[in-house]
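Protein chains: 2
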Amino acid sequence: MAINIQNILSDNAKSMRRSAIRDLLSVANRPEVISFAGGFPNPSTFPVEDLKVIMQEVLEAESTSALQYGPTEGNNKLREILAQRYRDQGLDITMHNILITTSSQQAIDLTSRIFINPGDTIVCGLPSYLGALQSFWSYQGQPIGIPKDEELEVVVKTLISSGKKPKFIYTIPDFQNPSGITMNLEQRKMVLEIAKKYDLLVIEDSPYREIRFEGEAQPLMYSMDNERVMLFGTISKTMLPGFRIGWIIAPVEIIDRLVVAKQSADLCTPVFDQAVVARYFEKGLFEKNLGKTIDLYRNKRNHMLNCFEKYMPKGVTWTKPEGGLFLFVTLPQEYDTRELFDVAIKENVAFVIGEAFHCDGSGKNTMRINFSFMDEQKTEEGVKRLSKAIERMFEKSTK
Amino acid sequence: MAINIQNILSDNAKSMRRSAIRDLLSVANRPEVISFAGGFPNPSTFPVEDLKVIMQEVLEAESTSALQYGPTEGNNKLREILAQRYRDQGLDITMHNILITTSSQQAIDLTSRIFINPGDTIVCGLPSYLGALQSFWSYQGQPIGIPKDEELEVVVKTLISSGKKPKFIYTIPDFQNPSGITMNLEQRKMVLEIAKKYDLLVIEDSPYREIRFEGEAQPLMYSMDNERVMLFGTISKTMLPGFRIGWIIAPVEIIDRLVVAKQSADLCTPVFDQAVVARYFEKGLFEKNLGKTIDLYRNKRNHMLNCFEKYMPKGVTWTKPEGGLFLFVTLPQEYDTRELFDVAIKENVAFVIGEAFHCDGSGKNTMRINFSFMDEQKTEEGVKRLSKAIERMFEKSTK
């Protein structure tokens, strides 16, 4: 008789939640569906020709180390390069403040692992990045969403006075996933002041920061407080996601704990991929290609916004992000995008329901729209179909 | 004031143990030291020229998918290829029984994550693979070592009657790390019978199986019971470790749980690296190169054994492994290899103390010797130095 898995699962396993996005995407993957659901970079931004050259160079010049096991902390050249790049943005760090991780998802996971006990609270946005929520849940953490920024302090105080002091405040200050919104300087200062006042860690998850179409960059929170901020970065949106390279910048004593956690998680980040990325930065290719990516995505955002203006029925609103990959769309309060999803999928268009990003189950009238992946023609057709689906839902409810 | 990390660490973080090997290796890394300490494959076995061709092919033919995010389960072509290879070894599986992991260390980690609650016991060898012990500890699991194979049942029964039923039996049946020993058919049957009798899962961690110098391969335990065995594999020793590619073969309902755990751990295994490995298998290069690797390592083992015969003082014994990367060396009971390590490092030779592989702190008179990495000349010189260090320790104690 086969073993009964249910009987032996850990409490962690029981508290894990399957990604709603993942299940939705399996429907959205049919070829006839125009999908705004994924968070995929556009493959035309992948630096294929540069990689052809660099990979041959790595195999020619450093195969002995690049194909071998590597240090848990990561490729030292890459750590040096990243340290310099962040020093240029005002961070007071050295390479010893940097751990290379197997994607920024692992950055979230290792951080959760070393800090979260079952029942611990984590303060985050409403909405917030689903992958982070999943990681918190997988360690039986309890994410608590802040409805409005100005309510952060009251939420923190309430948690503390009920004996549920949060382990950290999780933020995505630049072009947040899913909302596309960027925190201004005042908001950043406020978060750091509250963190200091109540002695809390702050996570600054920053996968989209470099993809700014317009307006001025706000300072990194880590540059404003290098004692209680952990900064997560990645090449997934700015170079390519298929290598799974990310990093954590943090005070050295936190890096030290994360290294021990990473030893048992996967020993080291893919060594060859790190060597390629280090050379890519070193040759100045990152900057060269990023400019083109930003131009492409700016055009795509403009086109998406134009299509929204042109086709969306009255009552629908959406964000106008200054960067990143996503629009966030809001329907009138009484509508549920889960219901819309079923209508939309019949029209062969897909999105992600906003509820998936709300740890408290709210946000039922919202959805996330990706604009980086689809070409212009399909984007227009997709927005048409989506508008039609929304109109149909509106009509049905007024009958 | 900086945040006090100690105050906010999770219980998991507090139960993590830093790798003793890692700290020893930092001393062993001085260029004048001949190190038998690491578990590194020989870089001359890395298929550099084949990789040059394959990487260009992947970039030419499938860059759009190979540089993008990929499915959490892994590259389907690679899963198909692995499924076929294991069917050829008698396993009754399909690709749906396979999850590609970011190294076999992650296989151990995800398995620990979905099964181990704080305080749970895991039955393992004395000695056993340190990286597995670290993973068990990091989830507050309690590895219990079996002194002799024939004592497995009594240990399991004792644990069960004390309310500490083990979550699984962790084994490395082929060329065990660190002992180099292989389980024969009777031992495999016994483990499976006990597992069945007491309704336990069995982990068959199998990173070295393909590296057999002589003698006949024993059947995989998974081929003898496909309802309660989880099999872990990797390319780290047979192709290269710098990609971090491993896999888990398990009943589908376990794979399903592992996939959810992997979503929050790192989303997917490096996609480009998987595409390269799939083509490498597809072109028959794995078999072609493996033969050369086996020949090289057989010579290295023979040479190492010859040097041991020639130089080791009386009273020292060692295993004669039929495959793998390691010898396991035993000194008379009264000697401590931690003490020897300090003497040896002065002689500029390094090894790993056996105690590190014993979850109960025993094995103080043992050490692990790697024979895959060093060239012949250095091996002879290293064994000479090591013998000298041992003689010195023997003499000191008889004074």
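Protein chains in written order, with this note's numbering: chain A, -17 to 381; chain B, -17 to 381. Where is the CB? At the ideal position from N, CA and C, for every residue including glycine. This structure is a prediction, so every number in the text was calculated from the model and none was measured.
Annotated three-state conformation of Met77 (chain A) is helix, per DSSP. Beta-bridge pairing by DSSP links Val331 (chain A) to A:Ile16.
With contacts defined by Cβ atoms closer than 8 Å, Asp324 (chain A) and Asp255 (chain B) do not form a contacting pair. Per DSSP, reduced to three states, the secondary structure at Met349 (chain B) is strand. Taking 9 Å as the cut-off between beta carbons, the residues of the segment 40 to 65 of chain B near chain A are Leu41, Glu42, Ser45, Thr46, Ser47, Ala48, Leu49, Gln50, Tyr51, Gly52, Thr54, in sequence order. Proximity of Val253 (chain A) to chain B, defined by a Cβ-Cβ separation below 8 Å, is satisfied. Inter-residue distance for Lys270 (chain B) and Pro25 (chain B) is about 16 Å (C-alpha atoms, whole angstroms). Beta-carbon to beta-carbon, Val136 (chain B) and Pro148 (chain B) are separated by about 13 Å, too far to satisfy the 8 Å threshold. The contact set of Ile98 (chain B) on chain A, defined by CB atoms closer than 7 Å, consists of Ser(-8) in chain order. A residue is called buried once 16 or more other Cβ atoms fall within 10 Å of its Cβ, and Ser8 (chain A), having fewer, is exposed.
Residues of chain A whose Cβ lies closer than 9 Å to the Cβ of Met37 (chain B) are, in chain order, Leu33, Lys34, Met37, Gln38, Leu41. For Leu81 (chain B), no CB of chain A lies under 8 Å from its own CB, so it is not counted at the interface with that chain.
Ranked by how close their Cα comes to the Cα of Lys360 (chain B), the residues B:Gly336, B:Val331, B:Glu316 have B:Val331 in first place. Distance from the Cα of Leu60 (chain B) is smallest, within the candidate group B:Arg367, B:Asp248, B:Ala257, for B:Ala257. Using a Cβ-Cβ cut-off of 8 Å, Arg95 (chain A) counts as an interface residue toward chain B, since at least one Cβ of chain B sits closer than that to its own. In this structure the segment -16 to 2 of chain B does not touch the segment 350 to 359 of chain A; the number of beta carbon pairs closer than 8 Å is below three. The count of Cβ pairs closer than 8 Å, one atom from the segment 258 to 267 of chain A and one from the segment 73 to 81 of chain A, stays below three, leaving the stretches out of contact. Here Gly197 (chain B) is exposed: its Cβ has fewer than 16 other Cβ atoms, across all protein chains shown, within 10 Å.
Going by DSSP, Met294 (chain B) is part of no alpha helix (DSSP H) at all; its letter is neither H nor E. A direct Cα-to-Cα measurement between Leu41 (chain A) and Lys34 (chain B) gives close to 7 Å. Along the segment 212 to 246 of chain A, the positions whose C-beta sits under 7 Å from a C-beta of chain B are Leu222, Pro223, Gly224, Phe225, Arg226, Pro233, Glu235, Ile236, Arg239, Val242, Ala243, Gln245, Ser246, read in chain order. If you look at Tyr152 (chain A), you'll find it in the beta strand (DSSP E) that goes 150 to 153.
In the three-state scheme derived from DSSP, where H, G and I count as helix and E and B as strand, Ile(-15) (chain B) is classed as coil. Between the C-alpha atoms of Glu377 (chain A) and Glu329 (chain A) there is a straight-line separation of about 16 Å. In the DSSP assignment, no residue is bridged to Thr27 (chain A). For the pair Pro314 (chain B) and Cys289 (chain B), the Cα-to-Cα distance works out to about 20 Å.
The segment 114 to 127 of chain B makes contact with the segment 86 to 106 of chain B, as at least three CB pairs between them are under 8 Å. Within the model, the alpha-carbon separation for Thr153 (chain B) versus Phe339 (chain B) is close to 13 Å.
Between Ala10 (chain B) and chain A, the shortest Cβ-Cβ separation is not below 8 Å. With the criterion set as a beta carbon lying under 7 Å from some beta carbon of chain B, the members of the segment 98 to 113 of chain A are Ile98, Asn99, Gly113, in sequence order. Distances from the CA of Arg0 (chain B) to each of A:Arg170, A:Thr54, A:Val298, A:Glu31 were compared; the closest alpha carbon is that of A:Thr54. By the Cβ rule, the segment 272 to 288 of chain A does not count as touching the segment -10 to -2 of chain A, because fewer than three pairs are nearer than 8 Å. Assignment of beta-bridge partners to Met356 (chain B) by DSSP yields no partner. Residues of the segment 144 to 164 of chain B with a C-beta less than 7 Å from any C-beta of chain A: Lys149, listed in chain order.
In the three-state scheme derived from DSSP, where H, G and I count as helix and E and B as strand, Gly273 (chain B) is classed as helix. For Met212 (chain B), the enclosing beta strand (DSSP E) starts and ends at 211 to 216.
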